[in-house]
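Contents: one structure, followed by commentary.
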Amino acid sequence: MSLKRIRIPIPSIHALLTTFIALCFLALSLALPAPFPARAAVNQVYLPSVTKALAGWTTPIVVQNTGAGVADVTITFYRVSDGKLATTANIPGLKPGQSVTFDPRTNPQLPSGAQFSAVLESTGGKLAATVIEGNGSSWMSYGGTSTGAATVYLPNITRNLGGAVGWNTPLFVLNVGDAPTTASVSFHNFNDGSLAKKIDGVKLEPGRSQAFSPATIDGLPDDRQFAVVVQGPQGSQLYAISNEISGNLAMSYEGMLSGSDMLFLPNILKYLGGDDHWFTPFIVQNLGSTPATISIEFYSFESGALVTQMSGQVLQPGRSLPVDVRFTPSTLPWGSYSVVVRGQPGSQLGTVVNEVDPGAGMAMSYDGIARSQALPSVYLPFLQKNVGAVAWFSPIIAQNLGQQPTDISLTLFDSAGTVAAQKTFSAVKPGAAAVYDPRSDRRLPNGTYSGLVQSQNAPIGAVVNVASTQTGDYAMAYNGTAGPTTAVPMLTAATKQVGPYGFTLKYGVAADIYVEATIDATSGARAVAQADADVVQVQQDFARPFKTYPTIYLFGSTPSYVQGLQTLGKYTPEHAQQIADNTDALFQ
Numbered sequence: 005m006s007l008k009r010i011r012i013p014i015p016s017i018h019a020l021l022t023t024f025i026a027l028c029f030l031a032l033s034l035a036l037p038a039p040f041p042a043r044a045a046v047n048q049v050y051l052p053s054v055t056k057a058l059a060g061w062t063t064p065i066v067v068q069n070t071g072a073g074v075a076d077v078t079i080t081f082y083r084v085s086d087g088k089l090a091t092t093a094n095i096p097g098l099k100p101g102q103s104v105t106f107d108p109r110t111n112p113q114l115p116s117g118a119q120f121s122a123v124l125e126s127t128g129g130k131l132a133a134t135v136i137e138g139n140g141s142s143w144m145s146y147g148g149t150s151t152g153a154a155t156v157y158l159p160n161i162t163r164n165l166g167g168a169v170g171w172n173t174p175l176f177v178l179n180v181g182d183a184p185t186t187a188s189v190s191f192h193n194f195n196d197g198s199l200a201k202k203i204d205g206v207k208l209e210p211g212r213s214q215a216f217s218p219a220t221i222d223g224l225p226d227d228r229q230f231a232v233v234v235q236g237p238q239g240s241q242l243y244a245i246s247n248e249i250s251g252n253l254a255m256s257y258e259g260m261l262s263g264s265d266m267l268f269l270p271n272i273l274k275y276l277g278g279d280d281h282w283f284t285p286f287i288v289q290n291l292g293s294t295p296a297t298i299s300i301e302f303y304s305f306e307s308g309a310l311v312t313q314m315s316g317q318v319l320q321p322g323r324s325l326p327v328d329v330r331f332t333p334s335t336l337p338w339g340s341y342s343v344v345v346r347g348q349p350g351s352q353l354g355t356v357v358n359e360v361d362p363g364a365g366m367a368m369s370y371d372g373i374a375r376s377q378a379l380p381s382v383y384l385p386f387l388q389k390n391v392g393a394v395a396w397f398s399p400i401i402a403q404n405l406g407q408q409p410t411d412i413s414l415t416l417f418d419s420a421g422t423v424a425a426q427k428t429f430s431a432v433k434p435g436a437a438a439v440y441d442p443r444s445d446r447r448l449p450n451g452t453y454s455g456l457v458q459s460q461n462a463p464i465g466a467v468v469n470v471a472s473t474q475t476g477d478y479a480m481a482y483n484g485t486a487g488p489t490t491a492v493p494m495l496t497a498a499t500k501q502v503g504p505y506g507f508t509l510k511y512g513v514a515a516d517i518y519v520e521a522t523i524d525a526t527s528g529a530r531a532v533a534q535a536d537a538d539v540v541q542v543q544q545d546f547a548r549p550f551k552t553y554p555t556i557y558l559f560g561s562t563p564s565y566v567q568g569l570q571t572l573g574k575y576t577p578e579h580a581q582q583i584a585d586n587t588d589a590l591f592q
């Protein structure tokens, strides 16, 4: 059966996606438990579901050192079937920013055909981790956590939704705490929020998880959609993920631990690539106990300007608002956007975004980013450029979550932990996003990288889409891991003397740019970004790329400009002075 046939098991794609994204969380009459404050575990990351050759699925773990020192990492695996210890694995000497992929298939102590929870612990630094779930042409990913909460919300849980080959969404509940706990798992009907099934007495040892497959749970009807609440006692620390699967289509999302009055969606698309290609329906949920009035703002990728908005949307407690961008808002043109969802102060909102390409048979998902949880740094464990037979690539979408324009810097680390590339996006507007596609960086070799996105004066968020141009569900998305302010890693750069003036080489995406040492770092970064963008624009205007990277020199004063004209342009002192008196720039 082809991928296209899998995606149309019911009367229309509109009906499928309306049902798929129109998620109701709880009925108005249901009292929502107040979330217990999340707790951070020091130097630990928890993963609810890791498999080794289980029904074709294997899940490599990509772990990144987000600390300032070298880290030795231990991974402890527990069998989901009985909670018993399976084995441990070690990753020594992980440099700051560096990531390493651990493939369960390489460890003979891990039994095949089994599922595990995993706890990652670092002796010398903090960690971020992304799990890559793959089975043939079906791929999805999710992020690990170092925090938990007494209540976890899973907005979209289904059982044979759309028929026998429709959507099924197994979920995995993990105890992030350091003591045993007992939880309940409640399934609420989509239409009216009534309780369809409650599973009590779910015992969870520390670091252990349990799997729940709606397709095998007695009492849950077929072709239904449920919202799930995982509830533990006060003080417990729980986490959960859900895998959404229909035929070859697969995507995964993380459960919500709490809400926020501002949410950020870095990547929202309407018909990117054509009317049979990428669009991103999303849902906004009210996780609080009082009504919330929200607005939704759409910002252009190209200009960062506000394009359109939806205002005055009222969400009752537990209710949700599905937004299918193909139809709503009607004033939204085709294009790429970042989105800001605003509620009144104190409201508790959550959101999940589904990225869908019907024509190519691709699907992936990510969680919206809560302003209350945002920080100035974001770590990205898994980035690729033209890797493997399907040529995986990983666009990064970084969004300004602050109230003022901010510079956003991106650093890529190679597999050895060495800084491989850097780029600065200047003066990104509030709510707007900066986009980096490694395929457009001709200087970056093909390969696998990790990343760090930073702002020195504003909270930011970032999402990574890992995809391929090959037909099939070669697509997965994950949220970056937030971190505190940290120094921008140093890229070893070439220097050059122009007479008595010193210059440092900055590598742009499209040009080599030498910056005079007298120019301050902020001004230099902005000038480099502008010069690089100008080179890109010139190539677009003439529809022809430069055969080699143009070299640009940025001078900090008229005297240094005069010197550069003489040394680099071979002008006489008189001619150089005349040019400097009458021009701000020269192309040769």
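Numbering (our numbering), first residue to last: 5 to 592.
Built from N, CA and C at the ideal position, the CB exists for glycine as well.
All of these numbers come straight from a predicted model, not from anything done at the bench.
{"Query": "Residue 569, DSSP secondary structure in three states", "Result": "helix"}
{"Query": "Status (buried if at least 16 other CB within 10 Å, exposed otherwise) for residue 265", "Result": "buried"}
{"Query": "Neighbour-count burial assignment, residue 268, 16 or more Cβ in a 10 Å radius", "Result": "buried"}
{"Query": "Chain-order list of residues whose beta-carbon lies under 8 Å from that of residue 534 (same chain, five-residue window excluded)", "Result": "430"}
{"Query": "Bounding residues of the alpha helix (DSSP H) (the contiguous stretch that carries residue 532)", "Result": "525-546"}
{"Query": "Endpoints, beta strand (DSSP E) assigned at residue 438", "Result": "437-440"}
{"Query": "Proximal residues to residue 540 (C-beta, below 6 Å), its chain only, five neighbours per side dropped", "Result": "514"}
{"Query": "C-beta atoms of residue 414 and residue 470 nearer than 8 Å", "Result": "no"}
{"Query": "Alpha-carbon to alpha-carbon, residue 529 and residue 286", "Result": "35 Å"}
{"Query": "Validate contact between the region 267-284 and the region 163-172 using beta carbons, cut 8 Å, 3 pairs", "Result": "no"}
{"Query": "Whole-Å CB distance - residue 488 paired with residue 379, under 8 Å assumed", "Result": "6 Å"}
{"Query": "Three CB pairs or more closer than 8 Å across the region 381-389 and the region 480-495", "Result": "yes"}
{"Query": "Spatial distance of residue 407 from residue 524 (CA atoms)", "Result": "24 Å"}
{"Query": "Cβ of residue 339 within 8 Å of any chain D Cβ", "Result": "Within the model displayed, chain D is absent; a lone protein chain is all it includes."}
{"Query": "Bridge partners - residue 228, DSSP secondary structure assignment", "Result": "163"}
{"Query": "Rounded straight-line distance, which links the Cα of residue 585 to that of residue 342", "Result": "44 Å"}
{"Query": "Contact belief for residue 329 with residue 401 at Cβ below 8 Å, rounded distance in angstroms", "Result": "With 8 Å as the limit, residue 329 and residue 401 do not qualify as a contact, their Cβ atoms being about 16 Å apart."}
{"Query": "Contact check, residue 314 vs residue 156, beta carbons under 8 Å", "Result": "no"}
{"Query": "Residue range of the alpha helix (DSSP H) that includes residue 586", "Result": "577-586"}
{"Query": "Rounded straight-line distance, which links the Cα of residue 90 to that of residue 84", "Result": "10 Å"}
{"Query": "Per-residue DSSP class, three states only, for residue 562", "Result": "helix"}
{"Query": "Rounded C-alpha distance that separates residue 124 from residue 334", "Result": "46 Å"}
{"Query": "Given 8 Å, three or more beta-carbon pairs between the region 69-80 and the region 127-146", "Result": "yes"}
{"Query": "Length of the line joining the Cα atoms of residue 170 and residue 161", "Result": "12 Å"}
{"Query": "Helix, strand or coil at residue 219 according to DSSP, with G and I counted as helix", "Result": "helix"}
{"Query": "Contact under 8 Å by Cβ, residue 178 with residue 75", "Result": "no"}
{"Query": "When 224, 305 and 106 are compared against residue 434, the one with the closest alpha-carbon", "Result": "305"}
{"Query": "Selection from 578, 568 and 576 that minimises the alpha carbon distance to residue 590", "Result": "568"}
{"Query": "Residue from 426, 481, 517 and 506 with nearest C-alpha to residue 494", "Result": "426"}
{"Query": "Close-in-space but distant-in-sequence residues of the same chain around residue 347 (CB under 6 Å, 5 per side omitted)", "Result": "265, 296, 298 and 353"}
{"Query": "Contact the region 135-144 vs the region 87-102: 3+ CB pairs below 8 Å", "Result": "no"}
{"Query": "Residue 426: first and last residue of the uninterrupted beta strand (DSSP E) it sits in", "Result": "423-432"}
{"Query": "Where residue 330 falls: helix, strand or coil (DSSP)", "Result": "coil"}
{"Query": "Sequence-distant residues of its chain with Cβ nearer than 6 Å to residue 207 (five each side left out)", "Result": "186"}
{"Query": "Cβ-Cβ distance between residue 51 and residue 148 below 8 Å", "Result": "yes"}
{"Query": "For residue 230, the nearest candidate out of 190, 102 and 390 (CA to CA)", "Result": "190"}
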